[in-house]
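Under our numbering, the residue at position 62 of the sequence shown is numbered 63, and the numbers go up by one with no gaps.
Built from N, CA and C at the ideal position, the CB exists for glycine as well.
Remarks on the structure that follows.
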Amino acid sequence: METENPQETIETTQAQAVLDEMMRVYPPKTLKKRAKQAILNDPENIPQVAANTRTIPGIITQRGCTYAGCRGVVIGPIYDILHITHGPIGCGYYSWLTRRNLVRPKKGETNYLQYGMSTDMTEEQIVFGGEKKLAAAVQEAFDIFHPKAISIYSTCPVGLIGDDVHAVAREMKAKLGINVFAFSCEGYKGVSQSAGHHIANNGVFKHMIGLDDTPTEGEFTLNVLGEYNIGGDAWEIDTLLQKCGIKVISTLSGDVSYDQITRAHTAHLNVVQCHRSINYMAEMMEKKFGIPWFKVNFIGAQSSAKSLRKIAQYFDSKKLTDRVEEVIAQEMAVLRPIQTEVKARCQGKKAALFVGGSRAHHYQDLFSDMGMETIAAGYEFAHRDDYEGRQVLPTIKVDADSRNIEEIEVAADPARFNPRKTPEQIAALEAGGFSFKDYTGMMVQMKKNTLVIDDISHHELEKLFELCKPDIICSGVKEKFVIEKMGIPCKQLHSYDYGGPYAAFVGAANFYKEIDRMVHTKVWKYVVPPWMKDGQAQTLSVADSKSEEIPVAE
Ligand code: CFM
Numbered sequence: 002m003e004t005e006n007p008q009e010t011i012e013t014t015q016a017q018a019v020l021d022e023m024m025r026v027y028p029p030k031t032l033k034k035r036a037k038q039a040i041l042n043d044p045e046n047i048p049q050v051a052a053n054t055r056t057i058p059g060i061i062t063q064r065g066c067t068y069a070g071c072r073g074v075v076i077g078p079i080y081d082i083l084h085i086t087h088g089p090i091g092c093g094y095y096s097w098l099t100r101r102n103l104v105r106p107k108k109g110e111t112n113y114l115q116y117g118m119s120t121d122m123t124e125e126q127i128v129f130g131g132e133k134k135l136a137a138a139v140q141e142a143f144d145i146f147h148p149k150a151i152s153i154y155s156t157c158p159v160g161l162i163g164d165d166v167h168a169v170a171r172e173m174k175a176k177l178g179i180n181v182f183a184f185s186c187e188g189y190k191g192v193s194q195s196a197g198h199h200i201a202n203n204g205v206f207k208h209m210i211g212l213d214d215t216p217t218e219g220e221f222t223l224n225v226l227g228e229y230n231i232g233g234d235a236w237e238i239d240t241l242l243q244k245c246g247i248k249v250i251s252t253l254s255g256d257v258s259y260d261q262i263t264r265a266h267t268a269h270l271n272v273v274q275c276h277r278s279i280n281y282m283a284e285m286m287e288k289k290f291g292i293p294w295f296k297v298n299f300i301g302a303q304s305s306a307k308s309l310r311k312i313a314q315y316f317d318s319k320k321l322t323d324r325v326e327e328v329i330a331q332e333m334a335v336l337r338p339i340q341t342e343v344k345a346r347c348q349g350k351k352a353a354l355f356v357g358g359s360r361a362h363h364y365q366d367l368f369s370d371m372g373m374e375t376i377a378a379g380y381e382f383a384h385r386d387d388y389e390g391r392q393v394l395p396t397i398k399v400d401a402d403s404r405n406i407e408e409i410e411v412a413a414d415p416a417r418f419n420p421r422k423t424p425e426q427i428a429a430l431e432a433g434g435f436s437f438k439d440y441t442g443m444m445v446q447m448k449k450n451t452l453v454i455d456d457i458s459h460h461e462l463e464k465l466f467e468l469c470k471p472d473i474i475c476s477g478v479k480e481k482f483v484i485e486k487m488g489i490p491c492k493q494l495h496s497y498d499y500g501g502p503y504a505a506f507v508g509a510a511n512f513y514k515e516i517d518r519m520v521h522t523k524v525w526k527y528v529v530p531p532w533m534k535d536g537q538a539q540t541l542s543v544a545d546s547k548s549e550e551i552p553v554a555e
């Protein structure tokens, strides 16, 4: 058969060959499932990715559990409420926040994040129930710390034995006179931490949002949703917005206090950084209070500028628009020379990103600022909309696992629903090309025949390195040292390896320099020891070692 574009066909064949080779070891049933999760991209005609489905037992995944997504990711960073894990002490490790969400409480505020609190369930509670021990733990924590609020998180055994954590929370709320609420975020509740995000969004919305109606001063106010201040990113975004004259009421949930969250509903706008972890909140706040939302990305210089311009356009103020342009010009004047220098060295290098539910997309913008190409990318636990764009939402099938998570019914608040824009204003903005609720997903931005792999397994990662030889991988700590032992630099994109911030313009400069250093350091050529070079690998067989004289001490 004649092909119109033979060049493209070859490319497709080669890219498909990489995927085939990756999957070759799998038995037919596994192969069938993985083949739907590992595909070739086509930005013109985006193919469907099977995402947010169960990991096949036996496969080494990068995913975490529902409890981690709820307690660790979305609510954990709120620094002045007490977080108590109800469960065996093993889960307590994650009760002690291991994520790098930095905080800088204001004068007079309390920071409890350095504490790890667990009810330390033992066999006795597993057999006879743990509610009494939980109530006693809440009382004890209250007596010691007198916090504004206490939050309780269920681990797997709590769900299995049926402790009613919500009843305990209600009882203790009445008794102590402070806000106490609980989450049924047992680790097994969903297929990954993503279920925990949803549960956390529901709980924050029900128990914190809208509690304090005191208006916040400011001509242009907003909340940054889905920004967790890893390595100080939220501070960079906050500083940038402040320079433009925009006030951040709350960041969910990076460096944020309980009081800030209770006032979040007074903002003029919600902007969403991490769509995966917090889109539920944006939707619910819009329905109840009339706050519109749109997606931004403060990772990357181009993207930061684009996000600022969109915010200015939303507020429709000449003063703000001029100020935003001034700030972008100032920031770019500092950044451009760094970008130019780094780009000259990094241009054309190849990156592969396998991270979480949003960074595998966002960081592609930083790489393209540097002239680097993303050859493969995938999320650990994102959903189809994060890959293909929100237009696929109505077509996503609700399976038994997602049905497990409560969808809360939200209606307009009779007294406080206040649309921030009139339907005419919205229509005028949209007529000019402006879009709300607008996540387009990762794939539209990636080139044709790049690899898109959801919930990548350890085996597939290794094959990818072998076959595609990327110059740098962005991934997590579980893979980092395996990757580096293979002689490829790995930038850990969850905690940033003690680096960062990488957000906004200042953060972009940090990232460019870091990646430039990592891909150009000579250390990678020493990964292969001299005796393994040139096919001279010396391996001792068991027989060899037996034949050797082993001196025995007398
Ligand atoms: Fe959102 Fe995150 Fe991420 Fe995420 Fe995460 Fe994270 Fe992440 Mo690690 S909330 S989805 S659950 S951007 S902890 S700050 S880095 S996997 S890509």
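| said: Starting from F482, trace the alpha helix (DSSP H) in both directions and tell me its first and last residue. | reply: V478 to K486
| Just to confirm, does S278 get its C-beta within under 7 Å of one of the non-hydrogen atoms of the ligand CFM? | Correct: S278 has its Cβ closer than 7 Å to the ligand CFM.
| message | Going by DSSP, what residue range makes up the beta strand (DSSP E) through N271? | response | L270 to V273
| Skipping 5 residues on each side, what residues in its chain have a beta carbon closer than 6 Å to that of G488? | W525 and V528
| field | V225 (DSSP reduced to helix, strand or coil) | value | Judged by DSSP in its simplified three-state form, V225 adopts strand.
| By DSSP, does N53 sit in helix, in strand, or in coil? | coil
| Tell me, which residues are paired with Q493 by DSSP? | Paired residue(s): S476.
| request: Consult DSSP for S155 and reduce its assignment to one of helix, strand or coil. | output: strand
| message | Given the structure, does H495 come close to the ligand CFM, in the sense that its CB is under 7 Å from one of the ligand's heavy atoms? | response | Distance from the C-beta of H495 to the nearest heavy atom of the ligand CFM is below 7 Å.
| request: Could you have a look at H84 and say whether DSSP puts it in helix, strand or coil? | output: strand
| Proximity to I312 [Cα-Cα], best of F221, I484 and K486 | F221
| query | Alpha carbon to alpha carbon, how far is P7 from Q365? | reply | Residue placement at P7 is flagged as unreliable, the pLDDT there being 49, under the threshold of 50; the coordinate-derived value follows with that caveat. Straight across, the Cα-Cα distance linking P7 with Q365 is about 28 Å.
| Can you tell which of W532, L226 and P78 has the C-alpha that lies nearest to the C-alpha of A265? | L226
| field | Candidates L367, Y68 and K37: closest to S195 by CA position | value | Y68
| Where D545 sits in the DSSP three-state scheme | Unreliable placement is indicated for D545, whose pLDDT of 44 sits below 50; no coordinate value is reported for it.
| Using CA coordinates, which residue listed in C275, I457 and F512 is at the minimum distance from G477? | I457
| query | Between the C-alpha atoms of M371 and M333, what's the straight-line distance to the nearest angstrom? | reply | 14 Å
| said: Applying the 10 Å Cβ sphere with the 16-neighbour rule, what's the burial state of D256? | reply: buried
| request: Report the residue from A201, E187, I250 and S496 whose alpha carbon sits nearest the alpha carbon of N102. | output: Out of A201, E187, I250 and S496, S496 has the C-alpha closest to the C-alpha of N102.
| field | Cβ pair H269, L223 closer than 8 Å | value | yes
| query | If we call anything under 8 Å between Cβ atoms a contact, is Y189 one with I79? | reply | no
| query | When burial is assigned at 16 or more other CB atoms within 10 Å of the CB, is Y532 buried or exposed? | reply | A quick correction: the sequence has Trp, not Tyr, at residue 532. Exposed is the call here.
| query | Using 8 Å as the threshold, is the region 443-454 in touch with the region 374-381, meaning 3 or more CB pairs across them? | reply | yes
| message | What does the alpha-carbon distance come out to for the pair K486 and A330? | response | 42 Å
| query | Leaving out the 5 sequence neighbours to the left and right, which residues in its chain are closer than 8 Å to A18 when beta-carbon positions are compared? | reply | Closer than 8 Å at Cβ, skipping near neighbours: no residue.
| request: Return helix, strand or coil for N405, following the three-state DSSP convention. | output: coil
| said: Quick check: what's the CA-CA separation for I90 versus M282? | reply: Cα to Cα, the separation comes out at about 31 Å.
| What alpha helix (DSSP H) runs, 4 residues minimum, are completely inside the region 343-395? | 360-370 and 385-389
| request: Name the one or two DSSP bridge partners that S295 has. | output: Note on identity: in this sequence residue 295 is Phe, with Ser being the wrong assignment. Bridge partners of F295: V272.
| query | Can you give, in chain order, each stretch of the alpha helix (DSSP H) that sits fully within the region 165-202 and has at least 4 residues? | reply | 166-177
| With a Cβ-Cβ cutoff of 8 Å, do R324 and C245 count as a contact? | yes
| request: State the start and end residues of the unbroken alpha helix (DSSP H) segment that holds V520. | output: Run containing V520: A505 to H521, per the alpha helix (DSSP H) assignment.
| I238, enclosing alpha helix (DSSP H) - first and last residue | D234 to C245
| Which residues share a DSSP beta bridge with I40? | Per DSSP, V453.
| task | Verify whether the separation of the beta carbon atoms of L83 and A142 is less than 8 Å. | result | Contact annotation: L83 and A142 have beta-carbon atoms nearer than 8 Å.
| request: Mark G131 as exposed unless 16 or more other C-beta atoms lie within 10 angstroms of its C-beta, in which case mark it buried. | output: buried
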